[in-house]
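Q:
Residue numbers (our numbering): 97 to 713.
(1) Quick one: which unbroken beta strand (DSSP E) runs of 3-plus residues sit fully inside the segment 618-643? Chain order, please.
(2) Please return the same chain residues whose Cβ sits closer than 7 Å to the Cβ of residue 587, not counting the five positions on each side in sequence.
(3) Using the three-state DSSP reduction, which class does residue 609 fall into: helix, strand or coil?
(4) Quick one: what does DSSP say residue 557 is sitting in, helix, strand or coil?
(5) Taking the straight line between their C-alpha atoms, what separation do you get for residue 292 and residue 499?
(6) Among residues of its own chain, excluding the 5 on either side of residue 245, which ones have a beta-carbon nearer than 8 Å to its beta-carbon?
(7) Expressed to the nearest angstrom, what Euclidean distance is found between the alpha-carbon atoms of residue 138 and residue 224?
(8) Less than 7 Å between the C-beta atoms of residue 236 and residue 265, yes or no?
(9) So, do the segment 657-673 and the segment 631-644 have three or more beta carbon pairs nearer to each other than 8 Å?
(10) Do residue 239 and residue 165 have their CB atoms nearer than 7 Å?
(11) Output yes or no for whether 7 Å exceeds the beta carbon distance between residue 527 and residue 606.
(12) Should residue 518 and residue 509 be called a contact, given that it needs their Cβ atoms to be closer than 7 Å?
(13) List in chain order: all unbroken beta strand (DSSP E) runs of 3+ residues lying wholly within the segment 645-672.
(14) Alpha carbon to alpha carbon, how far is residue 599 from residue 691?
(15) Helix, strand or coil: how does DSSP classify residue 700 here?
(16) Taking its Cβ as the centre, do 16 or more other Cβ atoms sit within 10 Å of residue 287, making it buried, or is it exposed?
(17) Taking residue 578 as the reference, which of 448, 374 and 171 has the closest Cα?
(18) Give the straight-line distance between the Cα atoms of residue 214 and residue 424, rounded to the nearest whole angstrom.
(19) Express the C-alpha separation of residue 369 and residue 308 in angstroms, rounding to a whole number.
(20) Starting from residue 161, trace the beta strand (DSSP E) in both directions and tell me its first and last residue.
(21) When burial is assigned at 16 or more other CB atoms within 10 Å of the CB, is residue 443 buried or exposed?
(22) Are the segment 365-379 and the segment 123-135 in contact at 8 Å, needing three or more beta carbon pairs?
(23) Run the proximity test for residue 452: is its beta-carbon closer than 6 Å to any non-hydrogen atom belonging to the ligand NAP?
(24) Hey, quick one: how far does the alpha helix (DSSP H) through residue 192 stretch, first residue to last?
(25) Taking the alpha carbon of residue 501 as the point to measure from, which residue in 155, 575 and 534 has its own alpha carbon closest?
(26) Please state whether DSSP places residue 262 in a helix, a strand or coil.
(27) Which ranges would you report for the alpha helix (DSSP H) in the segment 336-371 if only whole runs of at least 4 residues count?
(28) Could you give the residue range of the beta strand (DSSP E) that holds residue 282?
(29) Can you check whether the CB of residue 570 is closer than 7 Å to the CB of residue 558?
(30) Got a sec? Which residues, its chain only, sit under 7 Å from residue 572 by beta carbon, not counting five neighbours each side?
(31) With residue 443 as the anchor, note down where its beta strand (DSSP E) starts and where it stops.
(32) In angstroms with no decimal places, state the Cα-to-Cα distance between residue 346 and residue 336.
(33) For residue 448, which of helix, strand or coil comes out of DSSP?
(34) Quick one: grab the DSSP three-state call for residue 112.
(35) In the structure shown, what three-state DSSP assignment does residue 595 receive?
(36) Determine, using beta-carbon pairs with one atom in the segment 268-276 and one in the segment 296-311, whether at least three such pairs fall under 8 Å.
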C-alpha cells in the first residue's frame with residue numbers, strides 16, 4: 097500500500113458540490129488500535145463461512161476473519177461450522193466428514209441465507225487463504241477436525257505468506273505439534289483462563305512458540321471484579337501478545353471491552369462495529385431485522401421458500417419409529433382451498449415425543465450469547481374435525497423435547513398454562529401470528545389480536561446460531577407427552593424480531609401463495625463502467641460505486657437482485673442518469689409484505705489510481 101496512491105477526484109463540471117461534501121467511508125483502519133474480527137466473515141448479511149462472506153468483510157476494512165474448518169472424507173479442508181449434519185447451511189443432509197469434496201461441490205451453501213445467494217459453493221481453506229492474501233488480511237481457524245500436517249500442506253500449496261493462517265490452539269502440547277509442521281506460522285490460544293493465571297512461564301512458552309493472540313470469553317472482560325482476567329490481560333501484554341474475546345454483537349458491550357483493555361472481539365457485525373469504534377461514529381449496529389425462514393411446501397419437501405434452512409426431522413437419523421410428513425395440495429388431500437385457490441399443503445401427523453420438525457432460527461446473536469427472546473412465528477393451518485377438540489402443540493423451545501411445549505391449540509383456543517383465547521372452527525384456514533417478547537406472547541388470527549399470555553424466565557427463549565451443534569433452533573408440532581394431533585399446514589414463517597399489531601395486520605389472512613416476506617435489502621449490485629464491484633453500506637443504506645474519471649454518468653446501466661418478493665422503484669437493467677444536480681439517485685426497495693421500506697442511495701466516486709487499482713476507497 098505504501099507505493100499505491102489513491103486520488104478521489106470529484107469534478108465540479110460533472111458532479112454537484114454536495115457530492116464533494118458527502119463523507120465517503122475509507123474502510124481503512126491501519127491506525128486503529130482495536131480489531132473487530134469477522135465471525136465467519138460478514139455473517140449477519142452474507143452466508144457464513146463462504147468466500148463471499150469473507151470477501152465482503154475484507155472489502156470493508158476487516159483484517160481478520162474467524163472461519164470454521166472441517167475435513168472431508170478425501171482429506172480436503174473445507175469451510176463449514178455445524179456438526180454433525182449439513183442441514184442448516186446447505187442443501188445437503190449428510191455429514192461433511194463422510195462426504196468427498198466433489199459431492200459437496202454439488203450442493204448449495206447459499207440459498208439458506210436467501211435466494212440471491214443461490215448456488216454458492218463450499219469454500220476450501222486454500223481458496224480462503226488466497227483471498228486473504230489478496231486483501232493483505234488474515235484467517236483465524238476454528239478447527240472442527242484437526243490435522244496439522246494436512247493444514248500446513250494446504251498452506252504450502254496456497255503459496256501465501258505463512259502468517260495469513262492463524263489456527264486456534266488449546267494447549268502448549270498442541271502448539272508444539274502445529275509448529276513442527278508450520279514453523280513459520282503463528283497461532284492463537286483459544287480457551288479459558290489458564291489454571292494458574294500467575295504462571296509466567298506458561299505465557300512465555302506460548303509466546304515463544306508463536307502465539308500472538310490469546311482469546312477467551314468476553315464475559316470475563318465485562319466483569320470488573322474478575323481479577324484473574326485482569327492478571328491474564330497484564331501477563332499477555334507483558335509478552336507482547338494481544339487479547340481477543342468472543343463473541344459480541346452489541347456496540348455498547350464492544351466499547352466496554354475496549355475500555356477494559358481488550359485488543360479485539362469477534363462479531364457477526366464486524367464491519368459496522370469496526371467503523372463505529374475506529375471512526376467514532378454512532379451507529380445502530382444491531383443485527384438486521386429480517387425474515388430468517390419461510391416455507392410454503394410448494395416443492396413437496398421441507399426445503400425453504402426464498403430464505404431459511406431446511407426443516408429437519410427431529411428423528412432425522414430414524415433412531416426411533418419414524419413419522420413422515422406427507423405433501424400434496426388442498427385438492428389431493430380433499431380439504432378446503434384457500435380463498436378459492438388450490439394450495440400446496442403439508443399434512444402433519446400426531447407426532448410422538450420422538451418425532452417432530454426442527455426449525456433452525458438463523459438468528460444472529462444479540463445481547464444474550466446464545467438465546468433470543470424476541471421473535472415472531474407465523475403459520476397458516478387447517479384443523480380437521482377429528483382434531484379440533486384435541487391438543488395440538490405449536491412449538492417447543494427445548495431442542496431435546498424434554499418438557500411441555502410452549503404453546504398449544506385446544507378446544508378453548510390458543511394458549512398455554514390454562515389461559516387460552518379464541519376457539520377455532522374445524523375445516524377452516526387460519527393465519528396464526530405468535531409474537532414473543534421477554535414478558536409476553538401476543539397471539540393473532542388473520543391479522544387481528546386475540547389475546548396475550550404473560551410469561552417470565554427463559555422458557556420461551558430460543559437458541560440462535562451461537563448455540564452451535566444441533567441446537568440452533570427449536571421444535572415444531574411436538575411435545576414430550578404426546579399432546580399432539582393431526583392437522584394441515586400451508587405456510588410457516590419466522591422473523592428475528594417481535595412484530596407489532598400493524599405488521600400483523602398487513603399480513604392479513606391465509607393465502608394460497610403463502611406468507612409475504614418482510615425483507616427489503618439490495619444485493620449483487622452492478623453498474624456498467626464501474627472499476628470494481630460496488631460496496632453496500634448496510635448501516636447508512638448507501639452504495640458506493642467507483643468509476644474512472646472520464647466516464648459519462650448520464651447513462652449508466654444498473655443491475656441488482658431484490659429477492660424475497662420485494663419491489664423496487666427502479667427496474668434492474670434500467671439506465672440511470674447519475675447527474676442529478678443537488679441530489680444522488682436513490683432506489684426505494686419495499687418488502688413483499690409492504691411493511692418494510694428502505695431508500696438506498698447510489699454514490700458515484702470518480703477516481704484516478706495512478707495506473708494501479710486499489711482494494712479500498
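No residue lacks a Cβ here, since even glycine has one placed at the ideal position from N, Cα and C.
A: Looking at the coordinates:
(1) 619-623 and 631-633
(2) 391, 392, 475, 476, 610 and 611
(3) coil
(4) coil
(5) Taking the straight line joining both Cα atoms gives about 40 Å.
(6) 277
(7) 14 Å
(8) no
(9) The segment 631-644 and the segment 657-673 do not touch, with fewer than three beta-carbon pairs separated by less than 8 Å.
(10) yes
(11) A contact, by the Cβ cut-off of 7 Å.
(12) yes
(13) 652-657
(14) Cα to Cα, the separation comes out at about 6 Å.
(15) Strand, per DSSP.
(16) exposed
(17) 448
(18) When rounded, the distance between both Cα atoms is 25 Å.
(19) 23 Å
(20) 160-167
(21) buried
(22) yes
(23) This structure lacks the ligand NAP; in fact it carries no ligand of any kind.
(24) Looking at the DSSP string, residue 192 is not in any alpha helix (DSSP H), and its letter there is neither H nor E.
(25) 575
(26) Correct three-state label for residue 262: strand.
(27) List check, alpha helix (DSSP H) in window: 347-355.
(28) Segment: none, residue 282 is in no beta strand (DSSP E) and carries neither H nor E.
(29) A distance below 7 Å separates the beta carbons of residue 558 and residue 570.
(30) 452, 453, 455 and 491
(31) 440-444
(32) 28 Å
(33) coil
(34) Residue confidence for residue 112 is low, a pLDDT of 41 falling below 50, so the modelled location carries little weight; the figure read from the coordinates is stated next. Here residue 112 sits in coil by DSSP.
(35) coil
(36) yes
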